[in-house]
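These protein sequence lines are chains A and B, in that order. To convert, count from 1 in the first sequence and add 14; that's our numbering. To convert, count from 1 in the second sequence and add 14; that's our numbering. For glycine and all other residues, C-beta sits at the position ideal for the given N, C-alpha and C.
There are 2 protein chains.
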Amino acid sequence: MSAVETGVGTVNIRSIQGSVGAPQGFRAAGVACGIKKSGAPDLALIVSDGEASAAAVFTTNRAQAAPVLVSHEHLAKSGGRARAVVVNSGCANACTGVDGLAHARAMAELTARTVGCSASDVLVSSTGVIGVQLDMVKVEAGIVDAGCQLARGGGPAAARAIMTTDPFPKESAIEAAIGSGIVRVGGIAKGSGMIEPMMATMLGFVTTDARVEPALLQRALVSVVNDTFNAITVDGECSTNDCVFLLASGASGVTIGEAELPSFIQALRAACEPLAIGIVRGGEGATKLITVRVIGAQSNEDARRAARAIANSPLVKTAVHGGDPNWGRLIAVAGRSGSAFTLEGAAVRIGPVELFRDGTPFDERSVEAATYLQGTDIEIEVDLGTGGAGRSHMWTCDLSAEYVRINAEYRT
Amino acid sequence: MSAVETGVGTVNIRSIQGSVGAPQGFRAAGVACGIKKSGAPDLALIVSDGEASAAAVFTTNRAQAAPVLVSHEHLAKSGGRARAVVVNSGCANACTGVDGLAHARAMAELTARTVGCSASDVLVSSTGVIGVQLDMVKVEAGIVDAGCQLARGGGPAAARAIMTTDPFPKESAIEAAIGSGIVRVGGIAKGSGMIEPMMATMLGFVTTDARVEPALLQRALVSVVNDTFNAITVDGECSTNDCVFLLASGASGVTIGEAELPSFIQALRAACEPLAIGIVRGGEGATKLITVRVIGAQSNEDARRAARAIANSPLVKTAVHGGDPNWGRLIAVAGRSGSAFTLEGAAVRIGPVELFRDGTPFDERSVEAATYLQGTDIEIEVDLGTGGAGRSHMWTCDLSAEYVRINAEYRT
């Protein structure tokens with residue numbers, strides 16, 4: 015077990031096998047119902063044995079897809095409770111007007127019938143091409159089929175069924191000692207393959223067997239998403255369909271109150287961080303995972319803004335792709351990020367190699383930094399030089415010619 | 015002559031030969047002094063015969079290069095007057111500490127000695143690699159040489175000497191009938207070749223023979239820059255060295271007061287717009303010029319924000335590169351831009367082809383749009399659907415694998 019420090023002490027956390035089915039009280043399934051022409055799996059169900067507390071974060075895009083609108087509405091109606099999550103890939107059900115909205119509602123109703131709950135206890139999610147209507151005959155068959163295949167070990171199949179052009183499925187699960195009991199958290203996610211969809215969609219589905227009231231669960235999710243799913247970028251885009259759902263079955267018997275919340279947040283983060291990083295590793299054309307750390311900022315918000323600017327900079331991403339320890343680009347992006355920045359106190363590190371500090375470049379170290387950049391896991395640290403304690407991080411990937419090929423040759 | 019409508023009537027404007035030397039009262043030169051290892055021209059002078067009114071806009075990057083700091087200081091000291099502009103390429107003199115600052119001051123002093131004015135009447139500009147000191151022996155020789163070669167016809171040489179890896183020089187000049195006289199405006203610019211520098215630098219140098227007080231000149235420049243140089247993007251970066259200088263000699267005898275200002279702004283825009291567009295056309299790896307127009311916004315600021323998000327979107331830029339009329343990406347980027355957006359009223363046009371309106375996609379028109387995208391000058395229009403009158407535009411280029419190659423293989 016790895017020990018994680020929290021404000022209230024140490025939480026013992028260890029990785030375990032599985033994903034959304036690992037916590038007690040959940041079953042999952044993934045099936046192929048023909049939405050994708052390739053015949054690949056395209057419909058997933060995650061079902062809680064009893065009513066679960068539910069929390070969700072949604073895309074901030076103002077062009078929200080129908081399933082986003084419906085899930086939002088259902089969560090409000092049920093007061094933060096849910097029994098099931100239904101997800102299709104291959105069609106985003108976005109920009110589809112009133113018909114699309116009816117289709118998203120029908121997905122919830124069909125799932126409710128299969129599971130035996132009310133439609134407002136079902137959360138709906140879609141990913142795929144924008145502007146195309148769902149074939150509801152296929153979707154209905156898929157939901158029935160998935161309902162028959164629901165199983166504790168169904169996580170891997172669900173993880174595959176939510177993929178679009180992700181190069182690999184993203185699953186994680188952990189076990190944490192909280193209070194006198196053991197809590198499990200498991201999740202699946204999909205990321206930013208953009209060959210098939212018109213827009214990358216980031217989806218995350220997380221389950222836990224902790225007993226948590228909806229309001230606390232939402233607080234935990236928002237806190238963790240900020241440091242995990244919201245701390246990644248492949249190309250700075252934000253889709254019409256992004257969402258992360260968290261269901262808590264309570265089946266572990268461990269109750270999370272205010273006192274246990276910091277520990278639960280650590281456990282939740284431990285499950286979500288590998289999913290978020292997995293999305294970046296599987297980014298389009300990505301050959302390297304880049305962790306951008308910003309320190310010396312006047313506030314954490316300033317640090318995040320600078321880290322995001324660096325993580326989205328095509329100049330930085332191409333330089334890392336080419337193995338070029340181009341610290342000047344990092345300084346220039348930090349300087350234009352809008353965050354407080356003091357050139358005289360600024361510093362840049364690429365891996366263990368400090369290349370610039372206090373106005374002095376150390377160009378003799380660039381060979382060492384170039385060697386470091388040959389690796390696949392790259393750490394970049396920029397000190398904004400303000401003397402402040404603000405810090406933040408972002409994960410991103412390099413920008414390759416393959417990214418351009420994937421996105422330019424979409425329909426050719 | 016093309017007639018341009020202004021708030022005060024019609025201004026007759028026509029293009030003429032030349033650039034910074036076209037307005038009366040200016041001479042220019044461009045020489046090679048060895049800052050660039052290639053031996054290409056790397057030092058330019060633009061000199062006004064007498065003291066000129068001067069206006070400037072500078073990069074908002076907080077990591078400002080030494081020449082930016084010095085030019086800012088000189089303009090304040092001279093009260094908006096200048097005699098000369100000295101520019102070197104091949105070295106940005108950025109992140110160069112106190113030595114860099116001394117070098118920028120020395121460039122002004124050497125130019126002042128050559129021209130016969132005070133150092134505070136000289137504006138200084140640099141572009142090239144960050145973090146490298148200028149070789150002042152070479153710079154001094156270059157300034158002396160350029161001083162000897164100053165000529166009315168020196169604009170083309172100056173335009174070449176400020177290039178880094180720009181594929182072609184950018185020059186323009188116009189003649190406008192204002193009041194009872196003729197005013198000329200000419201300019202040169204350089205853009206975003208980033209093979210040699212570590213960061214794209216956008217420089218613009220504009221002259222006019224109108225007689226304009228510094229305060230009015232500054233207002234005119236800010237107004238025009240907002241719609242021209244600030245309305246372009248190649249990759250969303252903003253350099254440590256960006257600046258646009260405008261010198262007004264008064265040699266035409268035409269005085270610009272409040273009454274003539276709108277006409278003068280039209281004339282200035284007519285000279286600056288082709289320079290700005292030229293920078294985008296010469297963007298790294300660019301094969302297409304993309305004009306992004308946003309309408310139906312709640313304000314012009316909202317429209318600009320959405321236009322900028324679209325113009326910087328790698329998904330949009332790769333789609334245009336690949337000739338894919340991917341309207342879903344345009345809607346999704348507009349939706350996430352932060353500007354007010356109403357999906358129900360939104361619309362997308364690619365060239366003359368409307369692909370989406372009022373929630374309805376017109377996919378049968380995508381072949382026509384794909385044919386249009388085979389061209390090199392692409393117009394995209396997005397209606398944010400709010401019913402507002404806000405509108406704006408941005409110019410950008412497509413994102414090609416060549417862009418990645420250029421920036422990734424920088425030092426290899």
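Exercise. Buried or exposed: which applies to residue 388(B), given that a residue is buried once 16 or more other Cβ atoms fall within 10 Å of its Cβ?
Worked result: What you label residue 388(B) is simply residue 374 of the second sequence in a count that begins at 1. With fewer than 16 other Cβ atoms within 10 Å, it is exposed.
Exercise. Can you pull the DSSP bridge partners for residue 58(A)?
Worked result: Numbered from 1 along the first sequence, position 44 holds the residue referred to as residue 58(A). Answer by DSSP bridge pairing, in chain order: 44(A), 101(A).
Exercise. Should residue 67(B) be flagged as near chain A, meaning a C-beta pair shorter than 8 Å?
Worked result: Looking up residue 67(B) in the second sequence gives position 53. It does not; no Cβ of chain A falls within 8 Å.
Exercise. Taking Cβ-Cβ distances shorter than 9 Å, what residues in chain B pair up with residue 225(A)?
Worked result: The residue given as residue 225(A) occupies position 211 in the first sequence. Correct list: empty, because the minimum Cβ distance to chain B is about 36 Å.
Exercise. Looking only at C-alpha atoms, which of 406(B), 144(B), 369(B) sits nearest to residue 254(B)?
Worked result: Within the second sequence, numbered from 1, the residue matching residue 254(B) stands at position 240. Checked all of 406(B), 144(B), 369(B); the closest Cα to residue 254(B) is 144(B).
For this session: Report, in whole angstroms, the separation of the C-beta atoms of residue 391(B) and residue 303(B), which I expect to be a contact under 8 Å.
Result: If you number the second sequence from 1, residue 391(B) lands on position 377. If you number the second sequence from 1, residue 303(B) lands on position 289. Yes, residue 391(B) and residue 303(B) are in contact; Cβ-Cβ is about 5 Å, under 8 Å.
Exercise. Would residue 350(B) count as contacting chain A if we go by Cβ distances under 8 Å?
Worked result: The sequence position of residue 350(B) within the second sequence is 336, counting from 1. Yes, because at least one Cβ of chain A sits closer than 8 Å to the Cβ of residue 350(B).
Problem set entry | Sequence-distant residues of the same chain with beta carbon closer than 7 Å to residue 45(B), five excluded per side | Within the second sequence, numbered from 1, the residue matching residue 45(B) stands at position 31. Answer for residue 45(B): 55, 57, 156, 159, 160, 163, 175, listed in chain order.
Exercise. Smallest Cα separation from residue 406(B): which of 412(B), 398(B), 413(B)?
Worked result: For the purposes of this step, residue 406(B) is identified with residue 392 of the second sequence, where counting begins at 1. Checking every option, the nearest Cα to that of residue 406(B) belongs to 398(B).
For this session: With DSSP as the reference, label residue 470(B) as helix, strand or coil.
Result: The first residue shown for chain B is 15 and the last is 426, placing residue 470(B) beyond what the model contains.
Problem set entry | Status (buried if at least 16 other CB within 10 Å, exposed otherwise) for residue 243(B) | Taking the first residue of the second sequence as 1, we reach residue 243(B) at position 229. It is buried - the Cβ of residue 243(B) has at least 16 other Cβ atoms within 10 Å.
For this session: Could you pull out every unbroken beta strand (DSSP E) segment of at least 3 residues lying fully inside the segment 289-327 of chain A, listed in chain order?
Result: 303-311
Exercise. Do we get a CB-CB distance below 8 Å when we pair residue 418(A) with the residues of chain B?
Worked result: Looking up residue 418(A) in the first sequence gives position 404. Closer than 8 Å: yes.
Exercise. For residue 170(B), does the three-state DSSP call read helix, strand or coil?
Worked result: Locating residue 170(B) in the second sequence gives position 156, where the first residue counts as 1. Reduced to three states, the DSSP call for residue 170(B) is helix.
Problem set entry | Simplified DSSP assignment, three categories, for residue 208(A) | Here residue 208(A) corresponds to residue number 194 of the first sequence, with the count starting at 1. With a pLDDT of 43 at residue 208(A), under the threshold of 50, the predicted position of this residue should be treated as unreliable, and no value is reported.
Problem set entry | Nearest-angstrom beta carbon gap, residue 80(B) and residue 346(A) [assumed within contact, 8 Å] | Taking the first sequence and counting its residues from 1, the one referred to as residue 346(A) is at position 332. Taking the second sequence and counting its residues from 1, the one referred to as residue 80(B) is at position 66. About 14 Å; that fails the 8 Å criterion.
For this session: Would you mind giving the Cβ-Cβ distance between residue 394(A) and residue 307(A), rounded to the nearest angstrom? I have them listed as a contact below 8 Å.
Result: Looking up residue 394(A) in the first sequence gives position 380. Looking up residue 307(A) in the first sequence gives position 293. Indeed, because the Cβ distance is near 7 Å, the residues count as touching under 8 Å.
Problem set entry | Top-ranked residue by Cα proximity to residue 375(A), from 339(A), 349(A), 386(A), 232(A) | Translated into positions along the first sequence, residue 375(A) becomes position 361. The candidate whose alpha carbon is nearest that of residue 375(A) is 339(A).
Exercise. In chain order, what residues of the same chain have a beta carbon less than 8 Å from the beta carbon of residue 171(A), not counting five sequence neighbours either side?
Worked result: Taking the first residue of the first sequence as position 1, residue 171(A) is located at position 157. Cβ neighbours of residue 171(A) beyond the five flanking positions: 42, 43, 44, 45, 55, 58, 163.
Problem set entry | Beta carbon of residue 221(B) nearer than 8 Å to that of residue 100(B) | Here the question's residue 221(B) lines up with position 207 in the second sequence. Here the question's residue 100(B) lines up with position 86 in the second sequence. No, Cβ-Cβ distance for residue 221(B) and residue 100(B) is not below 8 Å.
Exercise. What three-state label does DSSP hand residue 259(A) in the structure shown?
Worked result: Along the first sequence, read from residue 1 onward, the residue named residue 259(A) stands at position 245. Note: residue 259(A) maps to strand in three-state DSSP.
Problem set entry | Interface residues of chain B facing residue 318(A) [CB-CB closer than 9 Å] | Within the first sequence, residue 318(A) is the residue found at index 304, counting from 1. Within chain B, no residue comes near residue 318(A); the closest Cβ sits about 16 Å away, beyond 9 Å.
Exercise. Anyone know if the C-beta pair for residue 257(A) and residue 70(A) falls short of 8 Å?
Worked result: As a working note, residue 257(A) is residue 243 in the first sequence. As a working note, residue 70(A) is residue 56 in the first sequence. Yes, Cβ-Cβ distance for residue 257(A) and residue 70(A) is below 8 Å.
For this session: Within the same chain, show all residues whose beta-carbon is closer than 6 Å to that of residue 351(A), passing over the 5 residues directly before and after it, in chain order.
Result: As a position in the first sequence, residue 351(A) is number 337, starting the count at 1. Taken in chain order, the residues that qualify are 319, 320, 323.
Exercise. Between residue 342(A) and residue 384(A), which are expected to be in contact by the criterion C-beta below 8 Å, what is the C-beta distance as a whole number of angstroms?
Worked result: Taking the first sequence and counting its residues from 1, one reaches residue 342(A) at position 328. Taking the first sequence and counting its residues from 1, one reaches residue 384(A) at position 370. At roughly 15 Å, the Cβ-Cβ gap does not stay under 8 Å, so residue 342(A) and residue 384(A) are not in contact.
Exercise. Which one of 131(A), 152(A), 169(A), 151(A) has the shortest CA to CA distance from residue 36(A)?
Worked result: Within the first sequence, residue 36(A) is the residue found at index 22, counting from 1. Checked all of 131(A), 152(A), 169(A), 151(A); the closest Cα to residue 36(A) is 169(A).
For this session: Would you decide whether residue 428(A) is buried or exposed? Buried here means 16 or more other CB atoms lie within 10 Å of its CB.
Result: In this structure chain A extends from 15 to 426, so residue 428(A) is not present and cannot be described.
Exercise. Can you tell me the Cα-Cα spacing of residue 199(A) and residue 217(B), whole angstroms?
Worked result: Translated into the one-based positions of the first sequence, residue 199(A) becomes position 185. Translated into the one-based positions of the second sequence, residue 217(B) becomes position 203. Roughly 54 Å between the two C-alpha positions.
Exercise. Closest to residue 86(A) by CA distance: which of 325(A), 138(A), 104(A) is it?
Worked result: As a position in the first sequence, residue 86(A) is number 72, starting the count at 1. Out of 325(A), 138(A), 104(A), 138(A) has the C-alpha closest to the C-alpha of residue 86(A).
For this session: Report the three-state DSSP secondary structure of residue 176(A) (helix, strand or coil).
Result: Numbered from its first residue, the first sequence carries residue 176(A) at position 162. Residue 176(A) falls in the coil class under three-state DSSP.
For this session: Using beta-carbon positions only, say whether residue 358(B) and residue 377(B) come within less than 8 Å of one another.
Result: Within the second sequence, the letter at position 344 stands for residue 358(B). Within the second sequence, the letter at position 363 stands for residue 377(B). Contact: no.
Exercise. What residues are listed by DSSP as bridge partners for residue 141(B)?
Worked result: Position 127 of the second sequence, counted from the first residue, corresponds to residue 141(B). According to DSSP, which records beta bridges pairwise, residue 141(B) is partnered with 103(B), 105(B).
Problem set entry | Closest residue to residue 152(B) among 112(B), 416(B), 47(B) (Cα-Cα distance) | The residue you call residue 152(B) lines up with position 138 of the second sequence. Residue 152(B) has its Cα closest to that of 47(B), out of 112(B), 416(B), 47(B).
Exercise. Going by beta carbon distance, what residues of the same chain come within less than 7 Å of residue 297(B), once the five residues before and after it are set aside?
Worked result: Sequence index remark: in the second sequence, residue 297(B) carries index 283 (1-based). Taken in chain order, the residues that qualify are 205, 206, 248, 411.
Problem set entry | Residue of 51(A), 28(A), 65(A) minimising C-alpha distance to residue 261(A) | Indexing the first sequence from 1 puts residue 261(A) at position 247. Residue 65(A) is the option with its Cα nearest to residue 261(A).
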